[in-house]
Structure formats: C-alpha cells, structure tokens
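Beneath this line is the structure, given in structure tokens, with notes to follow.
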Amino acid sequence: MHKYPVSISLSSYGAELVRQHTQLSFVDVLKAAGAQRIEWREELLTTEQPAELAQAAAQQQLESVFSSPLELWVAGRAQPNAELVSTLDRAQAFGARWLKVSLGYFTDTNDLESLHALLARHPVHLLVENDQTLHGGRIEPMQRFFTEVERLGLPVKMTFDIGNWQWQDQSALTAARLLGRHVDYLHCKAVARRADGKLVAQPPTATDLHLWEQLLRHMPQSITRAVEFPLQGDDLIDVTAQHVATLALLGQPRVENAHV
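Using this note's numbering, the final residue of the sequence shown is 263, and nothing's skipped along the way.
Below you can see the structure in the form of structure tokens.
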C-alpha cells in the first residue's frame with residue numbers, strides 16, 4: 004500500500020514547549036516518528052541558527068517547509084509584500100524547499116506579473132494558505148487569486164488548512180471542490196468549540212478522518228499531509244508516529260471489485 008509524505012508543523016507541540024526546547028530538538032523526534040518533512044515556524048524561533056537547523060534536517064533526510072505569518076498582499080499596495088523577498092531568502096537559509104504564507108488583502112488591482120518575475124528568480128516554492136481572517140481565510144478571495152495564478156501560469160500552490168474554514172463558517176468540502184486542484188500541502192486539524200465559544204484545534208476523530216478522505220478526492224493524490232493539531236503526551240515520538248502512520252495512508256485510491 005502506497006504511503007504519502009507526512010509533515011509535522013512544529014506548532015503542534017505547543018508554543019511554550021517549542022520555544023523552551025528550540026525547534027532543533029524536534030528534528031530527531033520527527034525522524035524517529037517516520038515523518039518525511041518538517042515545518043519550521045518563524046513565530047516560534049528563539050536562538051536557533053538557520054544553518055544549524057538546515058544541516059540537522061538534511062542529516063535526517065527531512066525536507067523543510069518554512070512557515071511565516073507574512074501576508075502576501077497588503078492593503079493599498081499593488082505589488083507583493085515588500086518583505087516577501089527577504090522572507091524567501093530566510094526560508095532558503097533554513098534549507099526549506101517551500102515558503103508558506105497567508106494570502107492577505109488580494110484585489111483585482113494586485114500586480115501578479117511582478118510576483119511572477121520575483122518567484123522566477125528564487126528557488127524556494129511559494130505556498131499560499133487560507134488563514135483564519137475575513138480577508139484571507141474565505142473561499143472567494145482564494146478562488147479569485149488562484150484563478151489568476153492559473154491563468155498566468157505562476158509557480159504558486161495552495162496550503163489548504165482544513166480547520167481554518169470553520170473560523171469563517173465556511174465548508175471545507177465546498178472549498179476542496181473549488182480549490183482542490185491547486186493544493187500541494189494539506190494542513191490537517193480538527194476543530195472544536197469550547198464552552199466559552201472559542202474555536203480550538205484538536206486531533207482528529209474517526210469522523211474527521213472520513214471527512215478528510217472526502218476532501219482528498221478533490222486534490223492531487225500525492226500532496227503532503229501535514230499535522231497541525233496538538234501532539235501531546237509523555238512519549239512524543241510514539242504520539243507523533245501514530246498520527247504519521249494514519250496520515251500516510253489517508254486517501255488511498257478506491258479499488259473497485261472485479262466482476263467475473
């Protein structure tokens with residue numbers, strides 16, 4: 004049975020723990036748990052040195068994604084965010100093949116040709132994610148953006164965050180139908196509403212996994228499945244390995260029974 008690549012967003016271990024132990028300390032955990040990719044989190048960096056993290060991941064044969072809270076488009080500016088080039092450079096310094104950012108304020112006046120020219124000069128691939136905001140976390144602006152990306156042939160793919168659609172009360176399944184062909188990286192997290200009304204990420208139930216399988220039918224088969232839900236317990240390798248094993252097999256093609 005074919006296994007798909009699995010990534011772990013280091014935010015899954017909790018901001019406090021990751022900052023306390025540094026992101027470097029989780030490289031061996033991910034390798035031992037069977038993950039193929041590691042997602043560095045820019046907002047959780049403390050004293051880590053880019054070259055050190057890049058070398059550690061390479062030694063363990065882990066490919067890297069660099070996650071930044073940067074918004075690709077800022078209000079009132081036609082060109083891409085002025086910090087995009089430096090963030091791409093930073094991702095490269097961390098050994099990352101991909102940079103993940105949020106959409107930001109995309110409008111019909113944004114200059115995608117300048118984005119195309121910028122990305123053509125850089126080896127790091129750009130992933131744009133639906134976040135939890137009104138302007139960058141709804142289906143409509145993501146669909147407008149990727150329609151233009153497709154029309155102009157830009158080397159940009161989507162990070163589809165399954166849980167984030169709930170912050171905007173939108174259907175992940177509808178989003179998958181409309182955006183699935185653009186997806187290259189799938190952020191997997193279930194979401195629950197606490198007693199105080201706040202939405203929080205949580206590990207998937209069997210019902211969640213069934214939904215995720217439905218979503219994957221609308222996406223390229225080989226995309227990376229990434230954990231972005233709490234990974235907690237006394238044995239982090241074991242906890243991580245269990246979820247890696249589940250996601251690695253998620254979305255297997257259906258085989259119809261042969262008729263004789």
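For glycine and all other residues, C-beta sits at the position ideal for the given N, C-alpha and C. As the structure is a computational prediction, the values presented were derived from the model and not from experiment.
(request) Take Ala85 as the anchor and find which of Leu118, Ala57, Val68 has the nearest alpha-carbon. (result) For this step, residue 85 is matched to residue 82 along the sequence shown. Checking every option, the nearest Cα to that of Ala85 belongs to Leu118.
(message) Given a cut-off of 8 angstroms on the beta-carbon distance, is the pair Glu74 and Val32 in contact?
(response) In the sequence shown, residue 74 corresponds to position 71, counting from 1. In the sequence shown, residue 32 corresponds to position 29, counting from 1. Taking 8 angstroms as the Cβ cut-off, Glu74 and Val32 do not qualify as a contacting pair.
(request) Over the uninterrupted beta strand (DSSP E) stretch that includes Gly70, give me the two end residues. (result) Numbered from 1 along the sequence shown, position 67 holds the residue referred to as residue 70. Checking the displayed sequence, the identity of residue 70 turns out to be Ser instead of Gly. Taken as a continuous stretch (DSSP letters only), the beta strand (DSSP E) holding Ser70 covers 66-76.
(request) Over the uninterrupted beta strand (DSSP E) stretch that includes Leu129, give me the two end residues. (result) Here residue 129 is taken as the residue at index 126 of the sequence shown, counted from 1. Run containing Leu129: 128-132, per the beta strand (DSSP E) assignment.
(message) Applying the 10 Å Cβ sphere with the 16-neighbour rule, what's the burial state of Val88?
(response) Against the sequence shown, residue 88 aligns to sequence position 85. With fewer than 16 other Cβ atoms within 10 Å, it is exposed.
(request) For Arg196, write down the residues that DSSP places opposite it in a beta bridge. (result) Position 193 of the sequence shown, counted from the first residue, corresponds to residue 196. The partner list for Arg196 (beta bridge, DSSP) reads Leu202.
(request) Could you spell out where the beta strand (DSSP E) holding Ser10 opens and where it closes? (result) For the purposes of this step, residue 10 is identified with residue 7 of the sequence shown, where counting begins at 1. Per DSSP, Ser10 belongs to the beta strand (DSSP E) from 9-12.
(message) Tell me whether the stretch 173-193 and the stretch 230-237 touch, counting them as touching only if at least three CB pairs, one residue from each stretch, are closer than 8 angstroms.
(response) With a cut-off of 8 angstroms on Cβ pairs, the stretch 173-193 is in contact with the stretch 230-237, counting three or more such pairs.
(message) Tell me the rounded alpha-carbon separation between Pro8 and Glu45.
(response) To locate residue 8, count along the sequence shown from 1; it is residue 5. To locate residue 45, count along the sequence shown from 1; it is residue 42. If you take the alpha carbons of Pro8 and Glu45, they lie about 22 angstroms apart.
(request) Verify whether the separation of the beta carbon atoms of Leu65 and Gln23 is less than 8 angstroms. (result) Within the sequence shown, the letter at position 62 stands for residue 65. Within the sequence shown, the letter at position 20 stands for residue 23. Cβ atoms of Leu65 and Gln23: not closer than 8 angstroms.
(request) Could you give the DSSP three-state label for Thr210: helix, strand or coil? (result) Locating residue 210 in the sequence shown gives position 207, counting from the first residue. In the structure shown, Thr210 sits in a helix (DSSP, three-state: H, G or I).
(message) Any contact between the stretch 15-22 and the stretch 51-58? By contact I mean 3 or more CB pairs, one from each, below 8 angstroms.
(response) No, they do not touch.
(request) Locate the beta strand (DSSP E) running through Met161, then write down its first and last residues. (result) Position 158 of the sequence shown, counted from the first residue, corresponds to residue 161. First-last of the beta strand (DSSP E) with Met161: 159-164.
(request) Mind checking who Arg147 pairs with in its DSSP beta bridge? (result) Within the sequence shown, numbered from 1, the residue matching residue 147 stands at position 144. Answer is none; Arg147 lacks a bridge partner.
(message) If you follow the beta strand (DSSP E) that Ile41 is in, where does it begin and where does it stop?
(response) The residue labelled residue 41 in the question sits at position 38 within the sequence shown. That run of the beta strand (DSSP E) goes 40-44.
(request) Look up His119 in the DSSP assignment and say whether it is helix, strand or coil. (result) Your numbering for residue 119 matches position 116 in the sequence shown. Reduced to three states, the DSSP call for His119 is helix.
(message) For a test of the three-state rule: what should DSSP assign to Ala179, helix, strand or coil?
(response) Along the sequence shown, one-based indexing puts residue 179 at 176. Correct three-state label for Ala179: helix.
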